[in-house]
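A.B. asks: Dropping the structure in here first, questions after.
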Amino acid sequence: MITLKEIQDRFQRGVIDGDDAVLTEFTDSSKEKRGVLFGVYRNAYTARLVDVLSSDHEKLHAFLGDEQFETMARDYIAANPSYNRSARWFAARLPEFLQGTSPYKEQPVLADMARLERALNDVFDGAEAVPLTLDDLSAVAPQDWSNLVFMPHPAVRRIALRSNAAEICKALHDEEEPPAPLLLPEPAPFLVYRDDATSSFRPLPADEAMMWDEASNGVSFGVLCEMMSMYAGEEHAAMRAAGYLRGWVAAGLLAKGSAGV
117 MITLKEIQDR
127 FQRGVIDGDD
137 AVLTEFTDSS
147 KEKRGVLFGV
157 YRNAYTARLV
167 DVLSSDHEKL
177 HAFLGDEQFE
187 TMARDYIAAN
197 PSYNRSARWF
207 AARLPEFLQG
217 TSPYKEQPVL
227 ADMARLERAL
237 NDVFDGAEAV
247 PLTLDDLSAV
257 APQDWSNLVF
267 MPHPAVRRIA
277 LRSNAAEICK
287 ALHDEEEPPA
297 PLLLPEPAPF
307 LVYRDDATSS
317 FRPLPADEAM
327 MWDEASNGVS
337 FGVLCEMMSM
347 YAGEEHAAMR
357 AAGYLRGWVA
367 AGLLAKGSAG
377 V
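The numbers in my numbering rise by one with no breaks, and the one at position 136 of the sequence shown is 252.
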């Protein structure tokens, strides 16, 4: 005799994978065949996940329009069935899907828009941490500064975009006509972060992007200043690095607990 757990597993496979084996456990109703009745569950499952994708990627939805977005969403659902109990993580693979799947990969702006919105969602839900403050830095002895190592706040993401997706998302947010998609000569670095209860993003100059990446990898402040000399020259490198550091701390981008602080 089949167990409840086996029925549940078959039901899940029927909804997610399209396996009709579970239909043998049901009978037709007086008004409708069992295949049609079970189709209601399948359609509801897909419709709910389309709504999840739309909620997580409002700008991408607005850019594509209802029909194209739903087609894309159903393609993603078919390729990435949901096995997580929380719908919060269902859209996590959308940027990679759009970047690697035809016909969407022929439009790099789509993956970039999904990547930016994914990062905005992630920092909004990012873990809490006590931010490093300017007072913390003021307490550091001058001889210890070169050994300082900084820890990014968990609600910060560093991404790179190959297109003008950031401009398009901003225009859509401001309810303005977005610019035409444009492929950039090289990927542009962005920092995505939580500002109080709001997710924000900003572009990074090349030298700041380098400094952030190296600082995130545990490179000490003294070495960061040496590396900054490639951009600002030896005379101005320390001042440039200190300026970026001050901006990060003022914006709450670093977590307390950094080595030496």
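The beta carbon of each residue, even a glycine, is placed where N, CA and C say it ideally should be.
Could you tell me which residues DSSP puts in a beta bridge with Met-267?
C.D. replies: Ala-371
A.B. asks: What would DSSP say about Pro-78, mapped onto helix, strand or coil?
C.D. replies: Residue 78 lies beyond the range of the chain shown here (117 to 377); nothing can be said about it.
A.B. asks: Short check: CB of Met-229 to CB of Leu-176, under 8 angstroms?
C.D. replies: Yes, these two residues count as a Cβ contact at 8 angstroms.
A.B. asks: Secondary structure at Ala-304, three-state DSSP: helix, strand or coil?
C.D. replies: strand
A.B. asks: Could you tell me the alpha carbon to alpha carbon distance between Val-156 and Glu-174, rounded to whole angstroms?
C.D. replies: Low per-residue confidence applies at Val-156: pLDDT is 46, beneath 50, and the placement is therefore not dependable, though the value from the model is reported in the following sentence. Computed Cα separation, rounded: 26 angstroms.
A.B. asks: Measuring CA to CA, which of Pro-297, Ala-358, Gly-373 is closest to Trp-261?
C.D. replies: Ala-358
A.B. asks: Can you pull the DSSP bridge partners for Leu-277?
C.D. replies: Ala-304
A.B. asks: According to DSSP, is Val-246 helix, strand or coil?
C.D. replies: coil
A.B. asks: Would you tell me roughly how many angstroms separate the C-alpha atoms of Val-166 and Ala-227, rounded to the nearest one?
C.D. replies: 17 angstroms
A.B. asks: Helix or strand or just coil, what does DSSP make of Thr-162?
C.D. replies: Here Thr-162 sits in helix by DSSP.
A.B. asks: Looking only at C-alpha atoms, which of Pro-211, Phe-179, Arg-204, Arg-234 sits nearest to Tyr-192?
C.D. replies: Comparing Cα-Cα distances from Tyr-192 to each of Pro-211, Phe-179, Arg-204, Arg-234, the minimum goes to Pro-211.
A.B. asks: Under the rule that 16 or more other beta-carbon atoms within 10 Å means buried, what is Val-246, buried or exposed?
C.D. replies: exposed
A.B. asks: With burial defined as no fewer than 16 other Cβ atoms inside 10 Å of the residue's Cβ, what is the status of Phe-240: buried or exposed?
C.D. replies: exposed
A.B. asks: What is the rounded straight-line gap between the Cα of Arg-234 and the Cα of Ala-208?
C.D. replies: 7 angstroms
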